[in-house]
Every structure is written in structure tokens, then in C-alpha cells.
Ligand code: ARG
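Numbering (this note's numbering), first residue to last: 36 to 434.
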């Protein structure tokens, strides 16, 4: 058995120390770094990985694949974990895991490795994804078993082996970033009563500092895919998302603060910034309400968002359940054509207008003016029949 391992590598302290730690244990380490829109310079990554002891370093731009194959289906499901979290970090794990599996095959490696801890969700997402794609691979998670008990001990180890560590004073937060959003944990946020300090946020201004004037933004969809902002078309979905992050971010839109239930049984206080996702969820939901008939819309709302969010959060991306739910949401996405106008002001974004060629809204039926074409007499008959069960119940209760 060769001791080749493909390591998911961010270039931060943990994964840099992992490279050396695995090398010391006799592994040949190949690092894998994905650009999922975290907005960091990845040019120095290969050099850094090799200085830490890697034999090979791969860097890949996955922004469009991430946007189209992971963010978009989740948007189409309107999936929010526990009703709030747009699953930013949860979505990047299966994609990275898939790439680790591909490169393990390419390099003939029997191991893959990640830098997740033993009390988080990410270990579960990595490992379930890897096993679903190649159950013969062994997954190593050094952080779960190594000897270091603090950041200081890791830094000491890094210095001993000449591993490049940034001298800059780091923020006290644990941050995970991609184009769909940022998740921020630790430091002062560990007290759920403490308001997140301004330095926790990166993409959103505080609502107090947002412009005094509201901004309008129009997002257009074609068959369930966002394709234009204010009439300007975007062939690349990830570029549309990056621009929406800027637009919403400058109005302080997209901050989320919650206590969430992790898979391992603990509750944790989480802060997120997801400006683009916030706008896209509002817009998509609105177009669904305009273009879907009542039966289908109600079925969708009561069955899809909760189940989809749960499966993504719990690491079941590569499951038949996800594929089947995608089948449903893709079918429904075909109705989602049109444009939504949102108003952005001081930390909030809300829909103020919508239009679609596929709109099921009929003004002559909805109006209260003299143009009204609704048969009011039918209303009386309908109410009589619809209310019959309660009428019978009422009668029997009165006896
Ligand atoms: N709680 C979120 C999740 O489970 C975010 C985790 C992000 N990881 C991190 N190292 N900050 O999806």
C-alpha cells in the first residue's frame, strides 16, 4: 500500500501543520486547494504547500462549478437550515470531497485528508461524500488525533519545521468563506448574548453606515437560473453572485445571527454573511409564488425547503434523496422566468415588484374595481361546500 494522501489544503495554520505532521508519519502529501470564491490570493499556495512538506500542490478554480452545481440547486429548493442558514460552508464540502476522490484516483492514492475538527459538521460532510464516491479510500483527520492542544503549540511546531506562518495578528474568529457566503465562529461570538462586533463582518457594512438612500435592483431569471442584474446579462453565474454580494453588502443586507443545532449534538452560535444568497432567495421565492399554481406551490413549500436543507447540512449531498429532490425542483424551475425588483435599505432587502411571461396573476379576477370578472355568486356556493365539515361538527357539538 502506497502512503500517498490527497489533503484538502487551505494554506492556513492548521492545514500547513497537517502537511508536515503527515509527512513526519511517512506519508507522501499532495495538497488540493479549491478556489470557491473565497477571494483570497491562491498564487502562493503551491510554494507554501511545498515549503510545508508537500510533494505536489494542486490549485483549481471551481467557482462556476460551485455556483451552478451546488448553490443553484440549493437556491431552487429554497433550502435554509433551521429556517435561516443558506448552507454556505455545507455546500463547498461535497464539491471539495469529490475533487479529492478524483485526484486520489489520478495519483493512485489510498488516502485523503482534511483539517476538520472532531466536534464540527464538516468532518461528517467530507467523509460521507468521500465514501459515497469511493468507499475504499481511507480518510485521515489529523486535527482529531494530534497532540497539539492550542494554536500556540501549532505555531511552535510550525516554526520548528520552518513552515511559513503569517506574522500578522489574526482575528479571533474561525472563518469559512466562499462566494455563497461567509461563516464566522468563535472568539466573542461564543457568548450567544454578545452582539457580533463590527470586525467580525467582511462583506456587509453595518446598517447604521449604509447609504441614506435606498437602492433598487432588478434580478432576472430564465428557467430558474438568475441571468441578469438590472438588465445586464451574466453568462457566468458566479460573476452574477459576486456582483450581488457587492450590491447587497453595501446596504448591510445578508447578516444572519443564530444558534444552530450541529450534527454532533451541540448547539453553536453562528454568524453568517450571505448578501447575494439573501437577495436570490427573496427573488426566487417571489417568482415561484407568481408562476406556480397553488397546489404545486404549497406542495413545494411544505416538502422541499426543510428536507433539502437538512440533507445538505447533514452531509448527504451524494445521495439518491438529493438527486430525486433535484428532479422535482428542476422541473419546477422551468416555470421560473421573469424579473423581480428589490429595494435595499439599511440592512433590509424586500421585493417591491415582479413580472413574468408565465405569470398566473390575472388582474381582471383580482381587482376590486368595476373591471372585476370574478363570479361572486360562485363564492357563496363554494363557501357552503368548503365549510360543510365544520358546519356538521358545529351542529354535533351543540347537542
Ligand atoms: N456551522 C456552519 C456549518 O456547519 C459553518 C461551519 C464553518 N466552518 C468553519 N470552520 N467556520 O455549515
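Note that CB positions come from ideal geometry on N, CA and C, so glycine has one too.
Simplified DSSP assignment, three categories, for residue i
i: residue 397; result: coil
i: residue 143; result: coil
i: residue 65; result: strand
i: residue 209; result: strand
i: residue 216; result: strand
i: residue 247; result: coil
i: residue 235; result: helix
i: residue 193; result: helix
i: residue 161; result: helix
i: residue 58; result: helix
i: residue 252; result: strand
i: residue 262; result: strand
i: residue 167; result: helix
i: residue 42; result: strand
i: residue 175; result: strand
i: residue 49; result: helix
i: residue 268; result: strand
Residue environment, residue i, which counts as buried when at least 16 other CB atoms sit within 10 Å
i: residue 82; result: exposed
i: residue 427; result: exposed
i: residue 98; result: buried
i: residue 407; result: exposed
i: residue 186; result: exposed
i: residue 385; result: exposed
i: residue 128; result: buried
i: residue 431; result: exposed
i: residue 55; result: buried
i: residue 226; result: exposed
Rounded distance between the beta-carbons of residue j and residue i, thought under 8 Å
i: residue 161; j: residue 114; result: The Cβ separation is near 20 Å, so there is no contact.
i: residue 171; j: residue 124; result: That pair is no contact at about 27 Å.
i: residue 88; j: residue 64; result: 6 Å
i: residue 275; j: residue 261; result: 6 Å
i: residue 371; j: residue 418; result: At roughly 33 Å, the Cβ-Cβ gap does not stay under 8 Å, so residue 371 and residue 418 are not in contact.
i: residue 369; j: residue 258; result: 5 Å
i: residue 290; j: residue 308; result: 6 Å
i: residue 301; j: residue 375; result: In fact, because the Cβ distance is near 38 Å, the residues do not count as touching under 8 Å.
i: residue 165; j: residue 147; result: 6 Å
i: residue 102; j: residue 214; result: 7 Å
i: residue 206; j: residue 234; result: 6 Å
Could I get the ranges of all uninterrupted alpha helix (DSSP H) runs contained in the region 358-433, with 4 residues as the minimum, in chain order?
Every alpha helix (DSSP H) stretch that sits fully inside the region 358-433 and reaches 4 residues is listed by chain position as 398-401, 411-421, 423-433.
Could you pull out every unbroken beta strand (DSSP E) segment of at least 3 residues lying fully inside the region 79-136, listed in chain order?
List check, beta strand (DSSP E) in window: 91-96.
Completely contained alpha helix (DSSP H) runs for the region 277-359, where each covers 4 or more residues:
Inside the region 277-359, DSSP marks whole alpha helix (DSSP H) runs of 4 or more residues at positions 310-326, 329-348, from first to last along the chain.
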